[in-house]
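Visitor: Residue numbers (this note's numbering), protein chains in the order written: chain A, 1 to 237; chain B, 238 to 474.
The beta-carbon is built from N, C-alpha and C at its ideal position, and this holds for glycine as well.
This structure is a prediction, so every number in the text was calculated from the model and none was measured.
2 protein chains.
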Amino acid sequence: MTLKAISAKDAASLDKDLMEMGGWSLDQLMELAGLSVSQAVWKVHSLSAGKNVLVVCGPGNNGGDGLVAARHLAQYGYNPSVYYPKEGKNELYQRLKTQLQNLSVPFITDFPAALKQSHFLVDAIFGFSFGGPLRDPFPSIISQIEQSSIPVLSVDAPSSWDIQSGPPKEGPGAKFMPQALISLSAPKPCVKFYQGRHFIGGRFLSKDITDKYGLNLPAYPGIEQVLEVEVDTEGRL
Amino acid sequence: MTLKAISAKDAASLDKDLMEMGGWSLDQLMELAGLSVSQAVWKVHSLSAGKNVLVVCGPGNNGGDGLVAARHLAQYGYNPSVYYPKEGKNELYQRLKTQLQNLSVPFITDFPAALKQSHFLVDAIFGFSFGGPLRDPFPSIISQIEQSSIPVLSVDAPSSWDIQSGPPKEGPGAKFMPQALISLSAPKPCVKFYQGRHFIGGRFLSKDITDKYGLNLPAYPGIEQVLEVEVDTEGRL
Numbered sequence: 001m002t003l004k005a006i007s008a009k010d011a012a013s014l015d016k017d018l019m020e021m022g023g024w025s026l027d028q029l030m031e032l033a034g035l036s037v038s039q040a041v042w043k044v045h046s047l048s049a050g051k052n053v054l055v056v057c058g059p060g061n062n063g064g065d066g067l068v069a070a071r072h073l074a075q076y077g078y079n080p081s082v083y084y085p086k087e088g089k090n091e092l093y094q095r096l097k098t099q100l101q102n103l104s105v106p107f108i109t110d111f112p113a114a115l116k117q118s119h120f121l122v123d124a125i126f127g128f129s130f131g132g133p134l135r136d137p138f139p140s141i142i143s144q145i146e147q148s149s150i151p152v153l154s155v156d157a158p159s160s161w162d163i164q165s166g167p168p169k170e171g172p173g174a175k176f177m178p179q180a181l182i183s184l185s186a187p188k189p190c191v192k193f194y195q196g197r198h199f200i201g202g203r204f205l206s207k208d209i210t211d212k213y214g215l216n217l218p219a220y221p222g223i224e225q226v227l228e229v230e231v232d233t234e235g236r237l
Numbered sequence: 238m239t240l241k242a243i244s245a246k247d248a249a250s251l252d253k254d255l256m257e258m259g260g261w262s263l264d265q266l267m268e269l270a271g272l273s274v275s276q277a278v279w280k281v282h283s284l285s286a287g288k289n290v291l292v293v294c295g296p297g298n299n300g301g302d303g304l305v306a307a308r309h310l311a312q313y314g315y316n317p318s319v320y321y322p323k324e325g326k327n328e329l330y331q332r333l334k335t336q337l338q339n340l341s342v343p344f345i346t347d348f349p350a351a352l353k354q355s356h357f358l359v360d361a362i363f364g365f366s367f368g369g370p371l372r373d374p375f376p377s378i379i380s381q382i383e384q385s386s387i388p389v390l391s392v393d394a395p396s397s398w399d400i401q402s403g404p405p406k407e408g409p410g411a412k413f414m415p416q417a418l419i420s421l422s423a424p425k426p427c428v429k430f431y432q433g434r435h436f437i438g439g440r441f442l443s444k445d446i447t448d449k450y451g452l453n454l455p456a457y458p459g460i461e462q463v464l465e466v467e468v469d470t471e472g473r474l
């Protein structure tokens, strides 16, 4: 079975459909997306492999998914910390930050030091709406992640990658290949350049929506919010 | 270990704290509460035991938790239907209804017929804010559930029970003893009159909050949103 990818344009339209016609609030969608991210972390990096998880959040909804994931990781017994160099202005992001502060999750400012002390990194910097190029401070952040040996789970897309054409030809991100990727709702086209463990998350689509966008998602198992899928050796979905 | 119960007054105050100081929206809290309800259903009534789950929703937040649970149950492969005789006016409830309609979950009106066709019932009629007495149409609904042999999971409290003093001495609910109960956040005092499987759900409290209300919740296992606890044979927590 070949999973169909959804374009950035269609992914934006799908989110709009969910909120304008589907009755969903951003709070709900982000809660379930972030929950699925936290479950993917649990699958690829058990507590016994090291509790220090650094969640790097970008300024948009991908970063919001990361904030929610960090909260659930704290509940699971990890010691998450959050690096959030360009905070989103949406009041939801500020509320998510408050929730984390009430769980004593630190918001760090010294990224190189935090990178050294962490066992795992969640890349929640940019998602399907990334249009490039990277702006400061993100080129340096991506370079540091790329040069570090820390295992990474990327949310929706490896940050710095073009959503359609994949990794940049040179510069920060050209050699960025996270150990794990969680595609939210459905894979994005750049996944064909990806090699590693691949999960689908965001268990909230209705048949009307999967039909409208021609998605052919396999069934989630049991009560899980996350689904591991195979990427074949030719890099196709 | 004896679990401490939280009074109705403190439970209301805890919710207020979460929303006014904790940064939580009702959308988020209800999503996680309803998710935990759906996971408790999964534990007490597997898909193979019969997919027809009737979710009976009251007009307030308990009913909202039921609406969210019904949505997750549909995603798990159950065939939920919803009985919602007094719809809440909050726009959130209407959005939750839209989400269910988009999953083709039926809102039934013939309760006696639906009761006969169902394999399991979720009682999301009244929660900790129930002050009695039951008003129409709920006395008849409770009596029908009580007289039926259908297994029931109650959300937060068996509906019709006084939150402090338990089952009514006579009339509808006097002999209502659901097979399972999920206490949201923490058990309510009436749980000392309860005999059956008992779960805790709503994995979102911070230490500040559990300290403030003197709660001594056991740890949730792994990534689960629900925790089964023992009720000892003397009916204490």
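At a Cβ cut of 7 Å, what residues of the stretch 254-268 of chain B count as close to chain A, listed as they run along the chain?
Guide: Result list: G259, G260, W261, S262, D264, Q265, E268.
Visitor: Would you check if the distance between the CB atom of B:K449 and the CB atom of B:D264 is smaller than 9 Å?
Guide: For the purposes of this step, residue 449 of chain B is identified with residue 212 of the second sequence, where counting begins at 1. For the purposes of this step, residue 264 of chain B is identified with residue 27 of the second sequence, where counting begins at 1. Contact flag unset, no.
Visitor: Taking B:R308 as part of the alpha helix (DSSP H), name the residues at either end of that continuous run.
Guide: Indexing the second sequence from 1 puts residue 308 of chain B at position 71. That run of the alpha helix (DSSP H) goes 298-313.
Visitor: When we look at the beta-carbon of A:K89 and count the other beta-carbons within 10 Å, is it buried (16 or more) or exposed?
Guide: Residue mapping note: residue 89 of chain A aligns to position 89 of the first sequence, counting from 1. So A:K89 counts as exposed.
Visitor: Buried or exposed for A:A12, going by 16 or more other Cβ atoms inside 10 Å?
Guide: Along the first sequence, one-based indexing puts residue 12 of chain A at 12. Exposed is the call here.
Visitor: Is the Cβ of A:P218 closer than 9 Å to any Cβ of chain B?
Guide: Counting from one through the first sequence, the residue named residue 218 of chain A turns up at place 218. For A:P218, the answer is no, since every Cβ of chain B falls outside 9 Å of its Cβ.
Visitor: Could you spell out the range, first to last residue, of the alpha helix (DSSP H) harbouring B:P317?
Guide: Counted from its first residue, the second sequence places residue 317 of chain B at position 80. Per DSSP, B:P317 belongs to no alpha helix (DSSP H); it is in the beta strand (DSSP E), 316-320.
Visitor: If we ignore side chains and look at the alpha-carbon of each, how far apart do B:G301 and B:S341 end up?
Guide: Locating residue 301 of chain B in the second sequence gives position 64, counting from the first residue. Locating residue 341 of chain B in the second sequence gives position 104, counting from the first residue. B:G301 and B:S341: Cα-Cα distance of roughly 18 Å.
Visitor: Can you tell me where the alpha helix (DSSP H) with B:F430 in it begins and where it stops?
Guide: As a first step, residue 430 of chain B must be located in the second sequence, where it is residue number 193. From DSSP, B:F430 is part of no alpha helix (DSSP H); its letter is neither H nor E.
Visitor: Pick out whichever of A:V155, A:F193, A:Q144, A:Q147 has its Cα sitting closest to the Cα of A:P167.
Guide: For the purposes of this step, residue 167 of chain A is taken as residue 167 along the first sequence, with counting starting at 1. The candidate whose alpha carbon is nearest that of A:P167 is A:F193.
Visitor: Compare the C-beta of B:R332 with all C-beta atoms of chain A and state if any pair is closer than 9 Å.
Guide: One-based indexing of the second sequence puts residue 332 of chain B at position 95. By this cut-off, B:R332 is an interface position.
Visitor: Against chain B, does A:T98 count as a neighbour if the rule is that its beta carbon must be under 9 Å from one of theirs?
Guide: For the purposes of this step, residue 98 of chain A is identified with residue 98 of the first sequence, where counting begins at 1. Yes, its Cβ sits closer than 9 Å to a Cβ of chain B.
Visitor: Any beta carbon from chain A within less than 9 Å of B:W279's own beta carbon?
Guide: To locate residue 279 of chain B, count along the second sequence from 1; it is residue 42. Yes, because at least one Cβ of chain A sits closer than 9 Å to the Cβ of B:W279.
Visitor: Quick one: does B:D247 have its CB under 9 Å from some CB of chain A?
Guide: Counting from 1 along the second sequence, the entry for residue 247 of chain B is found at position 10. It does not; no Cβ of chain A falls within 9 Å.
Visitor: Cutting at 8 Å between CB atoms, please list the residues of its own chain near B:L284, excluding the five before and the five after it.
Guide: Taking the second sequence and counting its residues from 1, the one referred to as residue 284 of chain B is at position 47. Around B:L284: Y313, G314, Y315.
Visitor: Among all the DSSP beta bridges, which residues are the ones paired with A:I125?
Guide: Here residue 125 of chain A corresponds to residue number 125 of the first sequence, with the count starting at 1. Beta-bridge pairing links A:I125 to no other residue.
Visitor: What are the boundary residues of the beta strand (DSSP E) that includes A:S143?
Guide: On the first sequence, position 143 is the one that residue 143 of chain A refers to. Not the beta strand (DSSP E): A:S143 falls in the alpha helix (DSSP H), residues 138-147.
Visitor: Whose C-beta lies closer than 7 Å to the C-beta of A:A70 among residues of the same chain, with five residues either side of it excluded?
Guide: Walking along the first sequence from the start, residue 70 of chain A turns up at place 70. Here the set comprises V55, P80, V82, L100, V105.
Visitor: In terms of alpha-carbon separation, which member of A:L29, A:P139, A:H45 lies closest to A:L92?
Guide: Stepping through the first sequence from its first residue, residue 92 of chain A is reached at position 92. Answer by Cα proximity: A:L29.
Visitor: Within 10 Å of its beta-carbon, does A:A180 have 16 or more other beta-carbons around it, so buried, or fewer, so exposed?
Guide: Indexing the first sequence from 1 puts residue 180 of chain A at position 180. Buried: at least 16 other Cβ atoms inside 10 Å.
Visitor: Using 9 Å as the threshold, is the C-beta distance between B:K334 and B:P296 below it?
Guide: Taking the second sequence and counting its residues from 1, the one referred to as residue 334 of chain B is at position 97. Taking the second sequence and counting its residues from 1, the one referred to as residue 296 of chain B is at position 59. Cβ atoms of B:K334 and B:P296: not closer than 9 Å.
Visitor: Does the beta-carbon of A:A219 have 16 or more other beta-carbons within 10 angstroms, so that it is buried, or is it exposed?
Guide: Taking the first residue of the first sequence as position 1, residue 219 of chain A is located at position 219. Looking at its Cβ environment, which holds fewer than 16 other Cβ atoms inside 10 Å, A:A219 is exposed.
Visitor: Buried or exposed for B:D347, please, with buried defined as at least 16 other CB atoms from any protein chain shown within 10 angstroms of its CB.
Guide: Counting from one through the second sequence, the residue named residue 347 of chain B turns up at place 110. By the neighbour-count rule (16 or more Cβ atoms within 10 Å), B:D347 is not buried but exposed.
Visitor: What's the gap between the Cα of A:M177 and the Cα of A:P158?
Guide: One-based indexing of the first sequence puts residue 177 of chain A at position 177. One-based indexing of the first sequence puts residue 158 of chain A at position 158. For A:M177 and A:P158, the distance between alpha carbons rounds to 7 Å.
Visitor: Could you give the distance in angstroms between the alpha-carbon of B:K288 and the alpha-carbon of B:H356?
Guide: In the second sequence, the residue the question calls residue 288 of chain B occupies position 51. In the second sequence, the residue the question calls residue 356 of chain B occupies position 119. Those two C-alpha atoms are separated by around 7 Å.
Visitor: Look at the Cβ atom of A:N62, then the Cβ atom of A:I125, and state whether they are nearer than 9 Å.
Guide: Numbered from 1 along the first sequence, position 62 holds the residue referred to as residue 62 of chain A. Numbered from 1 along the first sequence, position 125 holds the residue referred to as residue 125 of chain A. Yes, they are a contact pair.
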